[in-house]
Every structure is written in C-alpha cells, then in structure tokens.
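Chains as they are written, first to last, in this note's numbering: chain A, 2 to 153; chain B, 2 to 426.
Printed below as a string of structure tokens:
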C-alpha cells in the first residue's frame, strides 16, 4: 500500500463523508473547541459525563478528511470509557500519529490513523478533536466557548 | 477600465522588441528546480508564498559574506565603505525599479509586514484621532489588517471593510460611499494573495486623495508579476518583500512619498537613525535613515540587489504575457473539473489562482499533490475575512512564476484528477 493509500484508507473517507455523532449534544456536561489557527479548521466537542464515565460524545465543525474522520472515530472510541481511560487513549493515539509512541497498540479501529505519521504536517489534523476532547474533560463550564489552540 | 490596463507594463528598458518568454533559459538559473520531491521532479506552484532564488542571488549573498562582510554607515575602513556603497546602490536600484522619485523614498525593511507596521505605527500613530476611520478591503492579507487594528485601538479610530464583488473585484461604488471626512487611511492590496485579483490603485488613490486620505498599498503580490510604476499609480505608501521577487527572505522595501516620510516620527529607535543624542532627548536623521534603526539585513539587501539586477534585465512585456497565458490556461483547465469553484473568477489577476473542489478539503488535495511532487498552498492564506466573504474555510492556491511551464499546469490538473480519484472513491 502506498503512503497515500495508507493515509486515505476507505474507513477514513467513509467517516469523512458520513461522520458519526456529528451533532451538538444538548445535555452535554463538558465542552471545548479545538481550533487550528494555521488552517482555520475547528471542531466543537461535547461530552456527557455520568459520574466518571463518558456516556455520550459528539462533535460539529469543519475540517479536512483526516481531522473529521479522526473526530468521528474519537467520539466512538471514548464513549463508555472512564475519564482516565479516555486520557490514556489520547496519549496512545497521540504517540502513534506523531510516531513517538513506540510500539503502542491502538484499538483496531483507530489503527487506520497510523499512516498519518508519514505526513508530519497532517498530525495536527488528526489530533485536533482529540486535544479538544482532552480539554473538554478539564472544563465543565457550559456554554463557555473558550477554545484551545492545539499543540501538535 | 481593466486594472491590468491601469498598470501598464513599462517599455522594455533597452527599447528592444518583445520576444517570447524563454522559460527554459530562466529555469536554468534556478538550481532548486533540479530537485526531486518524493521521487518526482519538483513542480513548484507556490511562488506567491515565496519565490525560488536564481543562482545570482545565492552567489551575491555568499560573495558578500566571503569577501565583503562589514557593517554599513559605520566605519572608515575599506570594507565598510564598500558595503555602504553596495547597500546604497541597491536603494537606487529599488527606486528605479518601482519608479520612485528619489532613492530617499525607499526604506529597507524586514518585509511587507514590517513595512505596513511601520506606516501604521509611525504615520497612523501620529495622524489618527478618536472617531477617525481606516478603510481596509475585504481581500487583504492579515498583514494589511492587524497593523491597523493595533494602531486604531490605541487611537480610538475604527477599521471598516471595503466590500468586494462576487467577481473578486473591489466594489468601487461602495468604496466611494465609505469615503468621508473621517477617512484618514485606505489600506488595499495591489493584487490579492488569494485570488490574484488586481486592484486599480490609481483610481482608488484618486478617490481617496479627493477625500483627504492617504493610500497604503500592499505590493507583495504585484511586484513579481506587474511592472509597478509608483508615479502612475500615485499611492502614498507601497510595501513589498524581497523574497517574493526572487530575492532573499528577511528584506523588503517600503516606499513613502517624501513629504509624508519627512513629517513622520521614527518607528524604532537605535543606531544609525539619529542626528544627535543626549541622555535627555535625541533628534533624528532625515528619511530614509530615520526608519532604519540598527544594523540592517545587509547580506539580504545584497541578495535583493542581485534579484533586482536579475529581474530588471527581463523583458517584462514578455513575462506578463507569459504568466497571463499560464494562469488563463490553468483557469480554463481547472474550470472544467466537475464541482470546481474558482474564487473571484471574473477578476483580472496576476498569476495566482484559488479554487475549491466539491467534497474535498483543500488540505487533503494538497497532500495528494504533494505525493506527486507538486507544491501548492492549501488553507486560508492569512485572509480569513476573504474566506468568510466567499463562505469557505480554505482554498487550494496555485501560483505561477517566471519559471513555471504549461507542462506544470498540466501536471497540476492531472494531480487534481488523481486527488479526486483517491478522495472521492
């Protein structure tokens, strides 16, 4: 598989075309906005916490195929996870797409993002919604639209 | 009147007949064009971000460091005198290139951004009063918006948008309505860094002057593509960058009409810009030295001099015709792609073209093109108000310089076809 085919696997294109959980969560408990000032892409991420468990996750926004598919699959991946598990998953995902994570194993569905590491300039696309998710876990205030300018 | 006609290319210097543009000869002057990217020959369509450099520029910078390095305007020794003479020669060259009335109207800056900030802080900072207005077009690069925000905030002035039309052209009727007794400054780009659209600066300047405002022009994207004649366009300030004109980064030119510069306070203080310094107070040198505090980017100025020598030897009529041919062909071929939208399609443009592909984010298309060795720009191009005006988040931008070819236009179109295959499957 070429680097390009590995980056744009059909799963990613499918999530880009038909993103899952692509809506505002009316009864969200946590929210953050992820914004990439370099390209103008941005996503709102909403989480609903029941105690320590993320019972719902959703997002809205604009971005490229990589960022949108990543956001879509992020919401699926964190649903049902505890806050600590979601943070741990962030670290693992971040490690894999930046290529700094060593041999970390991701949940199989998220493995499609491994190809991003061959395109350093696109790492921010893949991590945009993940940073917003992590930020949302820190900030329960709603509907404060403070946003985080994401690091890599 | 077409804006292109409003800024006619000047007669070739030697009065010789215009010949077809010899692109092969030009390409041979640019070492980087031999590079391969991701295993493919480089197709560089991002000259609007920064142009590649001819051998002459690279050599001039090396030669300065190898044989001529010394500070300017400082020493009595031979090297310093040589460096000063060479540095001032570039100022003369720049004045001739832009057709300023005098070399003293040319200030060396770090680039277009620095030039506009200088005008905003020094000129704007001294003339703006509460309630005054600065008019800024909707197609401006952030570097011709934010400096005005900074000074307006301090002065209690406001920054108002000059709307643009769907065609990509400035809405001159709306502009006329906006001009009023509170208008102090009109800040417009000569050519859009996104759409390439050329603004009729002489018409804008005439209207602004009638209202008693000065006109500040961002010339970053026009000087590489049009033979700019400052006397003909009659703006008050004009800023451009060396690196988009085949010269080095880190150096630019700011032109200001002499009587305006003469009345302006310094922007930055330091060595080289003084008449006399006491601990309690100081007095300042006349322009242009007044605005060049500290050791300037001397090597970069030498490189810019080589770039000016290089481009001033060109037959500009041939260049303009050639680049217009490239962008027209790109526009024609890209326009045939299903679901494509060219931003500001109706505008007279320099060889810069922005477009959107239905269902494909520009970054994804840009990545596919990159794997084919094709360098384009994808994003908001530091022009978010323009993106908002056209209801998009980002565009793909292809920009063509003196060294680009029709084959490269075709490679771009084939690459876009490939991007659609990969991303719309």
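Glycine residues also receive a C-beta, built at the ideal position from the N, C-alpha and C atoms.
Hey, would you say residue i sits closer than 8 Å to residue j, going by beta carbons?
i              : j              : result
residue 375(B) : residue 421(B) : no
residue 57(B)  : residue 307(B) : yes
residue 431(B) : residue 84(B)  : Since the displayed chain B opens at 2 and closes at 426, residue 431(B) lies outside it and no answer follows.
residue 43(A)  : residue 52(A)  : no
residue 163(B) : residue 175(B) : yes
residue 303(B) : residue 286(B) : no
residue 249(B) : residue 309(B) : no
residue 66(A)  : residue 14(A)  : yes
residue 341(B) : residue 358(B) : yes
residue 40(A)  : residue 364(B) : yes
residue 243(B) : residue 115(B) : no
residue 268(B) : residue 122(B) : yes
residue 403(B) : residue 27(B)  : yes
residue 301(B) : residue 251(B) : yes
residue 140(A) : residue 33(A)  : yes
Using C-beta distances below 6 Å, list every residue in its chain close to residue i, excluding the 5 sequence neighbours before and after it, in chain order.
i              : result
residue 50(B)  : 378
residue 99(A)  : 124
residue 353(B) : 49, 197 and 400
residue 38(B)  : 374
residue 156(B) : 129
residue 380(B) : 395
residue 488(B) : This structure does not reach residue 488(B), given that chain B is present from 2 up to 426, and the question cannot be answered.
residue 40(B)  : none
Can you pull the chain A neighbours of residue i, defined as C-beta to C-beta under 8 Å?
i              : result
residue 426(B) : 11 and 14
residue 388(B) : 41
residue 381(B) : 40 and 41
residue 385(B) : 41
Closest to residue i by CA distance: which of the options is it?
i              : options                           : result
residue 79(A)  : 49(A), 33(A) and 42(A)            : 49(A)
residue 184(B) : 129(B), 196(B) and 395(B)         : 129(B)
residue 238(B) : 215(B), 292(B) and 72(B)          : 215(B)
residue 191(B) : 223(B), 177(B), 206(B) and 209(B) : 223(B)
residue 136(A) : 89(A), 65(A) and 31(A)            : 31(A)
residue 93(A)  : 76(A), 128(A) and 12(A)           : 128(A)
residue 325(B) : 227(B), 110(B), 101(B) and 355(B) : 227(B)
residue 151(B) : 134(B), 165(B), 118(B) and 137(B) : 118(B)
residue 390(B) : 276(B), 341(B), 28(B) and 167(B)  : 167(B)
residue 55(A)  : 39(A), 105(A) and 29(A)           : 29(A)
residue 336(B) : 356(B), 321(B) and 212(B)         : 356(B)
residue 133(A) : 37(A), 21(A), 11(A) and 24(A)     : 37(A)
residue 312(B) : 272(B), 300(B) and 246(B)         : 246(B)
residue 26(A)  : 18(A), 20(A) and 47(A)            : 47(A)
residue 96(A)  : 84(A), 111(A), 83(A) and 82(A)    : 111(A)
Could you have a look at residue i and say whether DSSP puts it in helix, strand or coil?
i              : result
residue 139(A) : helix
residue 149(B) : helix
residue 193(B) : coil
residue 269(B) : coil
residue 31(B)  : coil
residue 24(A)  : coil
residue 47(A)  : strand
residue 129(B) : coil
residue 95(A)  : helix
residue 85(A)  : helix
residue 255(B) : strand
residue 110(B) : strand
residue 203(B) : helix
residue 161(B) : strand
residue 356(B) : strand
residue 146(A) : At residue 146(A) the pLDDT is 46, less than 50, meaning the model places this residue with poor confidence and gives no usable figure here.
residue 408(B) : helix
residue 302(B) : helix
residue 222(B) : coil
residue 116(A) : helix
What residues of chain B sit near residue i, judged by a beta carbon separation below 9 Å?
i             : result
residue 21(A) : Here the premise fails: no neighbours, minimum Cβ distance about 18 Å.
Which bits of chain B does residue i rub up against, with CB to CB less than 7 Å?
i              : result
residue 120(A) : 368
residue 66(A)  : 362, 365 and 424
residue 136(A) : Neighbours of residue 136(A) on chain B: none; closest Cβ ~21 Å, over 7 Å.
Please work out which residues of its chain come closer than 8 Å, Cβ to Cβ, to residue i, disregarding the five sequence neighbours upstream and downstream, and give them in chain order.
i              : result
residue 20(B)  : 316 and 319
residue 428(B) : Residue 428(B) lies beyond the stretch modelled for chain B, which goes from 2 to 426, so this question has no answer here.
residue 384(B) : 140, 141, 142, 143, 193, 194 and 195
residue 46(B)  : 375, 376, 377, 399, 400, 401, 405, 409 and 413
residue 8(A)   : 67, 116, 117, 119, 120 and 123
residue 281(B) : none
residue 172(B) : 163, 164, 165 and 166
Can you list, in chain order, the residues of its chain with a C-beta nearer than 7 Å to that of residue i? Leave out the 5 residues immediately preceding and following it.
i              : result
residue 387(B) : 139, 140 and 195
residue 332(B) : 343 and 354
Mind listing the chain A neighbours of residue i? Cutoff is C-beta to C-beta under 7 Å, in chain order.
i              : result
residue 395(B) : 40 and 41
Quick one: list the residues of chain B neighbouring residue i, beta-carbon separation under 8 Å, in chain order.
i            : result
residue 5(A) : 368, 369, 372 and 423
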